[in-house]
Amino acid sequence: MILVTGATGRIGHVLVGELNKKYGKVKVFVREKSNLKPLEGSNCEYVYGDILDIDSLRRAFEGVDTVFHLAAHINISFYDKKKTLNTNVEGTKNVVEVCMERGISLIYTSSIHALSTLDDVITERSKLCTDTDEKRGIYDQSKSLATKEVLSAIEKGLRAIILIPTGVIGPSDYRPSSFGLGMIQSVKMGLSSTLEGRYDYVDVRDVVSGIVRAYDLKKYGEMYMLSGHLLDMKTYVEYLREFSGVSKLKPLGLVKKSLAMFLGFVMGFFNKRSTITPYSVATLHSNSNISHQKATEELGYHPRGIKESLYDQYMWFKNNKYI
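Following the numbering used here, the numbering of the sequence shown begins with 11 at its first residue and continues without gaps.
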């Protein structure tokens with residue numbers, strides 16, 4: 011039996027749908043107050059608990075042979091530092107501990123933000139960011155420390171695979187994500203300028219395909235980068251203008267990094283869900299030369315074009331009345 015944590019999240023509910031197609035019914039580990047709308051129509055057995063409550067994990071993992079662990083607190087703000095560390099690090103420790111106790115296989119979805127950006131090209135061989143002198147945000151630190159827990163457990167005999175996606179885009183963005191929220195705001199309010207910068211983005215459907223393929227091939231002990239394609243913000247806004255037909259969506263000027271950092275500080279301080287924060291600005295100016303060569307060669311991983319992903323995300327928002 012398969013169990014999925016983080017099943018209502020950005021990647022999790024899409025993964026559940028794919029697992030249903032291939033393997034039938036799966037267990038999903040959710041909190042009592044979770045919004046289950048993303049899982050409507052899925053073939054699931056709901057098990058309630060919290061990854062910070064190890065006894066609830068032990069109960070949930072009964073009869074399970076593989077856990078897909080995606081539960082995490084994504085945080086680009088100044089807030090919730092304790093929650094971020096607890097959920098991402100302590101929660102992962104608990105999942106790893108119970109998997110080790112029960113001989114359960116673990117498929118762990120980490121994040122590109124766990125890795126150092128010091129290499130010219132970021133690959134599976136890059137160091138974790140907490141093993142370097144880089145100054146990184148609390149989310150990066152938490153995902154790095156969580157990934158270290160899984161790597162340590164692999165050395166002790168845990169059957170585990172680590173998948174590392176970059177910035178996730180594409181349809182089925184229920185919450186929505188910070189990227190999706192930015193898209194909605196851009197279309198609703200229009201832009202007179204856009205941020206300078208670029209990053210690597212990947213379609214949620216391609217991430218799920220990579221995760222499932224790694225599981226199918228039983229690539230235990232391996233790590234795979236699930237990256238996509240580079241997207242600069244000027245091109246992004248041009249695509250939105252094309253999709254929406256909103257003439258006011260014009261990037262009349264690029265906001266330089268220094269001004270964007272200041273705006274990010276102000277907006278992030280007053281709005282917990284601001285899509286512009288010092289963290290998000292720094293990300294757009296960080297090393298985004300990320301290789302998925304290993305995943306392509308070993309998993310047959312080929313991410314679709316970024317314009318297709320953006321269009322599908324835009325149309326999903328439109329069809330579901332977000333915009």
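Every residue, glycine too, gets a C-beta built ideally from N, C-alpha and C.
In the DSSP assignment, H23 falls within the unbroken alpha helix (DSSP H) covering G22 to Y33. E252 has its alpha-carbon roughly 37 angstroms from the corresponding atom of I172.
Runs of the alpha helix (DSSP H) lying entirely within the stretch 89-157, each at least 4 residues long, are 91-95 and 101-112 in chain order.
For Y234, same chain residues with a beta-carbon under 8 angstroms away, outside a window of 5 residues either side, are E134, I171, I172, L173, I174, G220, A224, H302, K304, A305, E308, L309 and Y311 in chain order. A distance below 7 angstroms separates the beta carbons of V99 and L155.
Distance from the CA atom of E159 to the CA atom of L125, rounded to whole angstroms, is 14 angstroms. Distance check between F327 and each of I117, A70 and K198 places K198 closest, using alpha-carbon atoms only. In this structure, G238 keeps its C-beta atom at 7 angstroms or more from the C-beta atom of Y209. For D322, the enclosing alpha helix (DSSP H) covers residues I316 to N329. In this structure, the straight-line span from the alpha carbon of L227 to that of T245 is close to 37 angstroms. Following the DSSP letters along the chain, one finds G192 in no beta strand (DSSP E) but inside the alpha helix (DSSP H) bounded by residues S188 to M199.
Bridge partners of M233 according to DSSP: I172. Nearest to S196 by alpha-carbon distance, out of I64, T142, V77 and Y332, is Y332. Within its own chain, the residues whose Cβ lies closer than 6 angstroms to the Cβ of V218, once the five positions on either side in sequence are excluded, are V24, L25 and E28, listed in chain order.
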